[in-house]
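Undergrad: Below is one structure. I have some questions about it.
This is the structure in structure tokens:
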């Protein structure tokens, strides 16, 4: 794990794969919103656009990433944290849909992929 140029935490291709979520798993690659009750946070997860990889990342073999931001529950839903999970393969080659990458995001955001969550949209 390391801190990116914009202050976000970044994983070196986290491998968490536990499925601890509830709710209907949406198909496709649209942004995904999940609720993590234990942390009282909503996380927005999206496919990286590819424009935030440094040349060092590319030299190490990373070609894509998952972007996420964590919002604390509250009236204005402030951003608490955010980051990206670096990938050695293309997002759409590794995951059948955005929901499939949730364990990697949870591992990066909370240090474990077994934390409970609910898919919101």
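In the numbering used here, the protein residues as written are 348 to 468.
Heads up, the beta-carbon is just placed ideally off N, CA and C, and yes, glycines get one too.
Buried or exposed: where does residue 465 fall if 16 or more other Cβ atoms within 10 Å of its Cβ makes it buried?
TA: Burial call: exposed.
Undergrad: Compare the C-alpha of residue 433 against each of 387, 399, 381 and 386 and name the closest.
TA: 399
Undergrad: Do the segment 421–428 and the segment 436–447 meet, that is, are 3 or more Cβ pairs less than 8 Å apart?
TA: Segments in contact, no.
Undergrad: Is residue 438 near residue 374, with beta carbons less than 8 Å apart?
TA: no
Undergrad: Let's see if you can read the secondary structure: which residues bound the alpha helix (DSSP H) around residue 468?
TA: Here residue 468 belongs to no alpha helix (DSSP H), and DSSP marks it neither H nor E.
Undergrad: What's the C-alpha gap between residue 462 and residue 453?
TA: In a straight line, the C-alpha of residue 462 is about 7 Å away from that of residue 453.
Undergrad: Tell me the DSSP secondary structure of residue 447 in three-state form.
TA: Residue state for residue 447 is assigned as helix, using DSSP reduced to three classes.
Undergrad: Helix, strand or coil for residue 438? Go by DSSP, reduced to three states.
TA: helix
Undergrad: Can you list, in chain order, the residues of its chain with a C-beta nearer than 7 Å to that of residue 408? Leave out the 5 residues immediately preceding and following it.
TA: 435
Undergrad: Would you report the Cα separation of residue 360 and residue 378, rounded to the nearest angstrom?
TA: A caution first: residue 360 carries a pLDDT of 45, below 50, which makes its placement in the model unreliable, though a value can still be read off. Cα to Cα, the separation comes out at about 20 Å.
Undergrad: Evaluate residue 450 with the Cβ neighbour count: other Cβ atoms within 10 Å of its Cβ, from every protein chain shown; 16 or more gives buried, anything less gives exposed.
TA: buried
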